[in-house]
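Student: Residues 1300 to 1686, numbered by our numbering, are exactly what the sequence shown covers, in order.
Backbone N, C-alpha and C define an ideal beta-carbon position, used for all residues, glycine too.
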Amino acid sequence: MNDTVDISNSNILVVDDTPANLRLLIGILREVGYKVRPANNGPRALTSIEKESPSLILLDIMMPNMDGYQVCEHLKAHEETREIPVIFISALNETFDKVKAFSVGGVDYITKPFQAEEVLARVETHLKLHELQRQLKKENLRMRAELEVSRRLQQMLLPTEKELKQIDGLDIAGFMAPAEEVGGDYYDVLQHQGRILFGIGDVTGHGLESGALAIMVQSSIRTLLANNETDPVKFFSALNQMVFHNVERMNVEKSLTLALVDYQDKQLYLSGQHEEMIVVRQGKLELIDTMDLGFPIGLDFEIADFVKQTSVPLNAGDVVVLYTDGITEAENIDKQMYGLERLCEVIRHLWQQTAHEIQQAVIEDVRQFIGEQKVYDDITLLVLKQQ
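1) For a test of the three-state rule: what should DSSP assign to Ser1519, helix, strand or coil?
2) Looking at the structure shown, is Gln1540 part of a helix, part of a strand, or coil, going by DSSP?
3) For the stretch 1531 to 1549 against the stretch 1468 to 1477, do three or more pairs of beta-carbon atoms, one drawn from each stretch, fall closer than 8 angstroms, so that the two count as touching?
4) If you run the structure through DSSP and keep just helix, strand and coil, what is Ser1692?
5) Roughly how many whole angstroms lie between the Cα atoms of Thr1529 and Gly1582?
6) Taking Cβ positions, are Phe1706 and Thr1679 nearer each other than 8 angstroms?
7) By Cβ distance, which residues of its chain are closer than 6 angstroms to Thr1589, with the 5 residues on each side in sequence left out?
8) Who are the Cβ neighbours of Pro1458 in its own chain at under 7 angstroms, not counting the five residues just before and after it?
9) With a threshold of 16 other CB atoms inside 10 Å of the CB of Asp1676, please say whether the residue is buried or exposed.
10) So is Leu1435 buried or exposed if we call it buried at 16+ other beta carbons inside 10 Å?
11) Output needed for Leu1613: all residues of its chain with C-beta closer than 6 angstroms, excluding positions within five of it in sequence on either side, in chain order.
12) Assign Pro1595 to one of two classes, buried (16 or more other C-beta atoms within 10 Å of its C-beta) or exposed (fewer than that).
13) Label Asp1407 either buried or exposed according to how many other C-beta atoms from any shown protein chain fall within 10 Å of its C-beta, with 16 as the threshold for buried.
14) So if DSSP puts Ala1558 in a beta bridge, which residue, or which two residues, is it bridged to?
15) Applying the criterion that 16 or more other CB atoms from any shown protein chain within 10 Å of the CB defines a buried residue, is Ser1307 buried or exposed?
16) By Cβ distance, which residues of its chain are closer than 6 angstroms to Val1618, with the 5 residues on each side in sequence left out?
17) Are the beta-carbon atoms belonging to Val1370 and Gly1341 less than 8 angstroms from one another?
18) By the three-class DSSP mapping on this structure, what secondary structure does His1429 have?
19) Output yes or no for whether 8 angstroms exceeds the beta carbon distance between Leu1452 and Ile1514.
20) Under 8 angstroms, do Ile1327 and Val1385 count as touching if we go by C-beta distance?
21) Which residues bound the beta strand (DSSP E) around Leu1457?
22) Within the same chain, show all residues whose beta-carbon is closer than 6 angstroms to that of Thr1410, passing over the 5 residues directly before and after it, in chain order.
23) Please state if the CB of His1373 and the CB of Leu1345 are separated by a distance shorter than 8 angstroms.
24) Please report the straight-line C-alpha distance between Asn1550 and Lys1461, rounded to a whole angstrom.
25) Between which two residues does the beta strand (DSSP E) holding Ala1338 run?
26) Are Gln1672 and Glu1630 closer than 8 angstroms when you measure CB to CB?
27) Using beta-carbon positions only, say whether Ile1499 and Ile1577 come within less than 8 angstroms of one another.
28) Is the CB-CB distance between Leu1621 and Gln1608 below 8 angstroms?
29) Distance cutoff 8 angstroms, beta carbons only. Does His1373 sit that close to anything in chain D?
30) Go through its chain and collect everything with a Cβ distance to Ile1626's Cβ below 7 angstroms, but skip five positions before and after it.
31) Can the beta-carbon of Val1611 be found less than 8 angstroms from the beta-carbon of Leu1567?
32) Please name the residue or residues paired with Tyr1485 in a DSSP beta bridge.
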């Protein structure tokens, strides 16, 4: 948006049924360079506006047939004229008249007899405000379009249902919903030369910058996988340095928690620091703490000393759930958090269902818990079930 506001090309419509008032106002405005056109009644004003929309309207109230209130109400009732600023200028000086002027959509009220300096000051103020609002609206539309492109790109990069069904031995369901147009959560399911890798991460904050970093992480992980890097320490170290450099280049304070799960022959190999991993075996629940398995990605250049790996054997029917804190920290209208305990209870109760049914039940329970409360964080859930 421009730092300066240019109102030099503004055109003003003056509406008054008294010729002397019209001449006086036109003279005041033209003397400082404004383009001005007159209308001596309401219907002519509306006809003039249809031909060319003014930048601002100075509008008398007491006019025959159609008063100023009616003119303003007509303008505010139509999309194409709704945003035109209207300054009422009238001999009526009662509080009731001023309140009504604002209630029908006026932006200001000048009482007759008026001073030229006051008219010019108020006209300039509202022309600048209107132009700033126009620029802001244009900028918002541009940003919204950029966010929509980024959101669609991020959604396109998520694993498809077809991809998930192609993985032998596992029933898989994934879900991600951003708090804004672009989310800072990440999850992926990757296959390369017989290797299956699950990733889930949570970038600090949300919005465009967090979403961009999540996409960078996904791209970097895919590159490392394609290069056949299997050692978790080397994998995380290389990924961390890529992200660290990008965060520095972006000049933002961003990092992410990230867990990677390598699946081979009914065995999970878990590394990286993220939320606790939930495992359910025959209805019995186990939490795998990841605090000592890694370090936030992008926070420091060297994290090799922090990276560890643990293995989790799977038997038929075992359920594994990975998630972001958008679920456990989701708040209802009473500011109560959904919590890990409630999440575990839903999963433990439904462990015999399919991965998709478990995923749907969790998300539905979270939504019911939240109710009408605004969602402040991205929500991601990944459910794996050994077949």
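Tutor: Looking at the atomic coordinates:
1) Looking at Ser1519 - three-state DSSP - the assignment turns out to be helix.
2) In the structure shown, Gln1540 sits in a helix (DSSP, three-state: H, G or I).
3) Contact fails: fewer than three Cβ-Cβ distances are below 8 angstroms.
4) Residue 1692 lies beyond the stretch modelled for the chain, which goes from 1300 to 1686, so this question has no answer here.
5) Spanning the two alpha carbons is a distance of roughly 33 angstroms.
6) Since the first and last residues shown for the chain are 1300 and 1686, residue 1706 lies out of range.
7) So the list reads Ala1558, Gln1572 and His1573, once near-sequence residues are dropped.
8) Cβ within range, chain order: Gly1473, Asp1487 and Val1488.
9) Under this definition Asp1676 is a buried residue.
10) It counts as exposed.
11) Its chain contains Lys1565 and Gln1685 as the residues whose beta carbon lies nearer than 6 angstroms to that of Leu1613, once the 5 sequence neighbours on both sides are disregarded; these appear in chain order.
12) It is buried - the Cβ of Pro1595 has at least 16 other Cβ atoms within 10 Å.
13) Asp1407 comes out buried.
14) In DSSP, Ala1558 forms a bridge with Ile1499.
15) Exposed, by the Cβ-count rule.
16) Closer than 6 angstroms at the Cβ level, and outside the excluded window around Val1618, lie Val1579, Trp1650 and Lys1684.
17) In this structure, Gly1341 lies closer than 8 angstroms to Val1370 by Cβ.
18) Helix at His1429.
19) Yes, the Cβ-Cβ distance between Leu1452 and Ile1514 is below 8 angstroms.
20) No. Outside cutoff.
21) That residue, Leu1457, is in no beta strand (DSSP E); it is neither H nor E in DSSP.
22) For Thr1410, where only same-chain residues beyond five positions count, the Cβ hits under 6 angstroms are Asn1392.
23) A contact, by the Cβ cut-off of 8 angstroms.
24) Their Cα atoms are separated by approximately 38 angstroms.
25) Here the beta strand (DSSP E) through Ala1338 covers Lys1334 to Ala1338.
26) Contact flag set, yes.
27) The Cβ atoms of Ile1499 and Ile1577 lie no closer than 8 angstroms to each other.
28) The beta carbons of Leu1621 and Gln1608 sit no closer together than 8 angstroms.
29) No chain D appears in the structure shown, which is made up of a single protein chain.
30) Excluding five sequence positions before and after Ile1626, the CB atoms of its chain that fall closer than 7 angstroms to its own CB belong to Tyr1637, Leu1642, Val1665, Ile1678 and Leu1680, given in chain order.
31) In this structure, Leu1567 lies closer than 8 angstroms to Val1611 by Cβ.
32) According to the DSSP secondary-structure assignment, Tyr1485 is paired through a beta bridge with Gly1500.
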